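Numbering (the numbering used here), first residue to last: 3 to 248.
Backbone N, C-alpha and C define an ideal beta-carbon position, used for all residues, glycine too.
Since we're looking at a predicted model, the values are computed, not measured.
Written below as structure tokens is the structure these notes are about.
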């Protein structure tokens, strides 16, 4: 039996940090149903779970013997709170599926109501790709494909942004010794399914060394960008010598 959890339920239960509340999702022992407990006062939740944890695992008026998982609030200290809320909800949803799997319960997230939302399309469409330009000689390329086919342009480094992988940069070096910086978002779309584990125990730390193009096996959003970098490097060998500093 596979438990289908609606992403829209997780999203609605993902509350802002300023509300002082949080939510919990409960799953039946047989893994055939779930329900949301929301809102729950965050301070009360901390006190109950830390000092007086229910012996049957049933917090805040839930069902006896059900398994409960916390849905932490999202931070509103950003220009796009709607996007922050959705990102947090996707992380929670994936973690929920993983934790249930470890308990022998098979679950999937039904995202049919959410993946193509108007707000997500607006965020994606607001970004305009710029022409890649060499910082030294001024040569430019009209399309990304032209860069990948140019034998005078080689991948030099992957400058990852571990806080937001979409803000990373693939650094190429031109035959003149100049750099060409191309945003990774021109190559890879953001994933709302895989979580960011950079800096955690599961992270091998490759993204902290921009000259390292080693593939990463961690279950992390950043692994997708490293795979792309590796494919590019195999098409265009990594420059072995450090180019002159401009």
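Since I believe residue j is in contact with residue i (beta carbons under 8 Å), could you give me their beta-carbon distance rounded to a whole number of angstroms?
i, j, result
"residue 18", "residue 75", "6 Å"
"residue 112", "residue 7", "7 Å"
"residue 131", "residue 166", "Rounded, the Cβ-Cβ distance is 18 Å, inconsistent with contact."
"residue 170", "residue 162", "5 Å"
"residue 215", "residue 91", "About 32 Å; that fails the 8 Å criterion."
"residue 108", "residue 5", "7 Å"
"residue 172", "residue 157", "7 Å"
"residue 72", "residue 31", "At roughly 18 Å, the Cβ-Cβ gap does not stay under 8 Å, so residue 72 and residue 31 are not in contact."
"residue 232", "residue 217", "5 Å"
Can you tell me whether DSSP reads residue i as helix, strand or coil?
i, result
"residue 35", "coil"
"residue 102", "helix"
"residue 89", "helix"
"residue 262", "Residue 262 lies beyond the stretch modelled for the chain, which goes from 3 to 248, so this question has no answer here."
"residue 133", "coil"
"residue 71", "strand"
"residue 161", "strand"
"residue 76", "strand"
"residue 181", "strand"
"residue 97", "helix"
"residue 148", "helix"
"residue 4", "strand"
"residue 141", "coil"
"residue 173", "strand"
"residue 190", "coil"
"residue 28", "strand"
"residue 111", "strand"
"residue 215", "coil"
"residue 230", "helix"
"residue 66", "coil"
"residue 17", "coil"
"residue 43", "strand"
Count the other C-beta atoms from every protein chain shown that fall within 10 angstroms of the C-beta of residue i, then say buried if there are 16 or more, exposed otherwise.
i, result
"residue 236", "exposed"
"residue 223", "buried"
"residue 153", "exposed"
"residue 69", "buried"
"residue 88", "buried"
"residue 139", "exposed"
"residue 221", "exposed"
"residue 243", "Confidence is the limiting factor: at residue 243 the pLDDT is only 45, short of 50, which leaves the residue's position unreliable and the question unanswerable from this model."
"residue 114", "exposed"
"residue 34", "exposed"
"residue 142", "exposed"
"residue 105", "exposed"
"residue 25", "buried"
"residue 225", "buried"
"residue 197", "buried"
Could you tell me whether the Cβ of residue i comes closer than 9 Å to any Cβ of chain D?
i, result
"residue 215", "Absent here is chain D; the protein component of the structure consists of one chain."
Original post:
Does the region 203-213 come close enough to the region 183-194 to have 3 or more Cβ pairs within less than 8 Å?
Top reply: no
Original post:
Is it true that the region 76-95 meets the region 35-50, where meeting means three or more beta-carbon pairs spaced less than 8 Å apart?
Top reply: no
Original post:
Between the region 131-151 and the region 208-222, are three or more C-beta pairs nearer than 8 Å?
Top reply: no
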